[in-house]
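Have a look at the structure below before the remarks.
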């Protein structure tokens, strides 16, 4: 699999800037045609917990991730609801296990978000977008919801870069009851774990550096993307 780099992301940003005033509407329309189940997932994930601003941000981040992946890795096969559920369950398990080994380092969070998809630069870019809000932004994005947003956008990225058939084959080998074991209570527990993970994230050197770092070329692209997405 090709590694998506900051150079790739900058190139795609320039393409979006040349597309017109509202490139997100165009990207969303294309994604709805190619990946309808993933678009539905972005609009419905954590339906009762995300506010309107957080939902808009999740959708924008998801379609940006799709566009970057499509332009660099090519068009992905259509993903099914079952595959999305499988990847979400995998990520909820991953977040729970990673909390037990969290050392607060940059590498820990890079490894967590790029697990399975092997796209650390893309995932760092998406996390930056969630964390760096434009000056003067009036919307309400709760910091404690950032890990939840990352959980869902990671699920979208995983679905796009991974092949569905091998993962589905593995699921078929498991007991069917095990596949359905995530009840609402289970998911509430995972959200509690992710909220706790956010507390560790705020204490990490990675979080501190995000608030005080120099604006290099790739980081300027993050800021520009953010201004487009949050407007």
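In my numbering, the protein residues as written are 18 to 248. Every residue gets a Cβ at the ideal spot worked out from N, C-alpha and C, and that includes glycine.
Suppose you measure from the CA of residue i to the CA of residue j; what does that come to, to the nearest Å?
i	j	result
residue 169	residue 18	22 Å
residue 175	residue 148	21 Å
residue 49	residue 39	16 Å
residue 162	residue 140	17 Å
residue 111	residue 30	31 Å
residue 96	residue 82	15 Å
residue 159	residue 179	30 Å
residue 129	residue 34	31 Å
residue 102	residue 28	32 Å
residue 150	residue 80	18 Å
residue 41	residue 47	10 Å
residue 69	residue 51	25 Å
residue 114	residue 53	31 Å
Residues in the same chain with beta-carbon distance under 8 Å from residue i, minus the five sequence neighbours each way, listed in chain order, please.
i	result
residue 75	59, 62, 67, 166, 169 and 170
residue 181	94, 96, 97 and 100
residue 65	none
Leaving aside the five residues before and after residue i along the sequence, list all residues of the same chain whose C-beta is less than 6 Å from its C-beta, in chain order.
i	result
residue 12	Past the boundaries of the shown model lies residue 12; the chain is included only from 18 to 248, so the question cannot be answered.
residue 133	175
residue 72	none
residue 131	137 and 140
residue 104	172, 175 and 176
Residue j and residue i - do their beta-carbons sit closer together than 9 Å?
i	j	result
residue 88	residue 32	yes
residue 172	residue 108	yes
residue 144	residue 90	no
Thinking residue i and residue j are a contact (beta carbons under 8 Å), I'd like their distance in whole angstroms, please.
i	j	result
residue 136	residue 24	Actually they do not touch by this definition, with Cβ atoms about 14 Å apart.
Can you give me the Cβ contacts of residue i inside the same chain, cut-off strictly under 7 Å, excluding the 5 residues immediately before and after it?
i	result
residue 36	43
May I ask you to verify whether the stretch 143–155 touches the stretch 52–68, counting CB pairs closer than 8 Å and requiring at least 3?
-> no
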